[in-house]
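Engineer:
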Amino acid sequence: MRKIGLSLTAALVLSAGMVSSVSAGALEEIISNPKVNLEIRPRYEYADVEDNGKSAGKAFTVRTAIGLNANLFGAEGLSGEVQMINVANFGWIDDYNDLAGNGTEYDVVADPPQTRVTQANVKYSVNGLTAVVGREMVVLDNARFIGNVGWRQMPQTYDLAALVYNGIENLSLLGAYVNRVHTIKKDGQFDTGSVLLHGTYKVMPELTV
Numbered sequence: 073m074r075k076i077g078l079s080l081t082a083a084l085v086l087s088a089g090m091v092s093s094v095s096a097g098a099l100e101e102i103i104s105n106p107k108v109n110l111e112i113r114p115r116y117e118y119a120d121v122e123d124n125g126k127s128a129g130k131a132f133t134v135r136t137a138i139g140l141n142a143n144l145f146g147a148e149g150l151s152g153e154v155q156m157i158n159v160a161n162f163g164w165i166d167d168y169n170d171l172a173g174n175g176t177e178y179d180v181v182a183d184p185p186q187t188r189v190t191q192a193n194v195k196y197s198v199n200g201l202t203a204v205v206g207r208e209m210v211v212l213d214n215a216r217f218i219g220n221v222g223w224r225q226m227p228q229t230y231d232l233a234a235l236v237y238n239g240i241e242n243l244s245l246l247g248a249y250v251n252r253v254h255t256i257k258k259d260g261q262f263d264t265g266s267v268l269l270h271g272t273y274k275v276m277p278e279l280t281v
C-alpha cells in the first residue's frame, strides 16, 4: 500500500508540474516582453475661496498607479496595455469637498477616494499608423478641450476606437470615435458617441499649426 501511495503522490506531482509548464508556455505565446509600471504620487492641497461661506479645504491624498504593457501573440506591432489607479486619503487630512457628497461644508478639492481601471486597450502599429481600441488617455494640444485632467489625482479617460498617423515627419493626424468618457469624479462617466478629428503640423520648433 505504501508503494502505491508513493507512486500516486509522485504521479500527482508530475502531473501538476506538466500542467504548470503547459500553462506557462501558453501564456508566453500570448504575452511577451511584459513591462510593469508603478507610480506613487502623494499630494497635499489647500483650497480657500474667499467669501463663499465655507471653510478652507485641506486634503492629503495618495495616488497609486500600476500598469502592464506587453506584446501580444508574437505579432509584430500588436500590443496591449492595462492600468489601474487608486486614490486614497487614509483619513489623515480629509477636510475637503470631494464632489462625491463628502465634506460639503469645505471648499472643493476634486480628488475623491476611488479605484478605477484607467487604461485597457489593444494597439496595432505599422508604417506610422496606429490603431487603438479600448480605454485610453487622450491629450490634444494643451488639453484645454480634450485631455486627461492631469493636475488631478484620477485622470480622465476615454472608451474609443482611434487611428493615429505619424508616418510623415512633423505631421500628426488623429481620428477617433469616443463611446464613453470617464471623468475625474467618482462614478462620473457619461456616454457621448462623439467623433474626434485632429491634425497638427510642426512648421518649426516655435510654430505648430
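According to the numbering used here, the residues represented by the sequence shown are 73 to 281, in order.
By construction, the Cβ of each residue, glycine as well, lies at the ideal position given by its N, Cα and C atoms.
Since Q186 is in the beta strand (DSSP E), which residue starts that stretch and which ends it?
Structural biologist: 186 to 198
Engineer: Tell me which residues share the same chain as L150 and place their Cβ nearer than 7 Å to its Cβ, disregarding the 5 neighbours each side in the sequence.
Structural biologist: N143, L144, Y196
Engineer: Using alpha carbons as the reference points, say which of R135, D170, Q155 lies closest to M209.
Structural biologist: The shortest C-alpha separation from M209 is found at Q155.
Engineer: Between A98 and V181, how many whole angstroms is the CB-CB distance? I'm expecting something under 8 Å.
Structural biologist: Contact flag wrong, Cβ pair sits at about 46 Å.
Engineer: Grouping DSSP H, G and I as helix and E and B as strand, with all else coil, what is A98?
Structural biologist: helix
Engineer: By the 10 Å Cβ neighbour count, where 16 or more other Cβ atoms means buried, how is D166 classified, buried or exposed?
Structural biologist: buried
Engineer: Start and end of the beta strand (DSSP E) containing S151?
Structural biologist: 150 to 160
Engineer: With three or more C-beta pairs closer than 8 Å as the rule, is the stretch 159 to 178 touching the stretch 198 to 214?
Structural biologist: Cβ pair count under 8 Å is below three, so no.
Engineer: So, helix, strand or coil for G282, using DSSP?
Structural biologist: Examination of residue 282 is not possible in this model, given that the chain is present from 73 through 281 alone.
Engineer: Thinking Q261 and M226 are a contact (beta carbons under 8 Å), I'd like their distance in whole angstroms, please.
Structural biologist: Contact doesn't hold; Cβ gap of about 12 Å is too wide.
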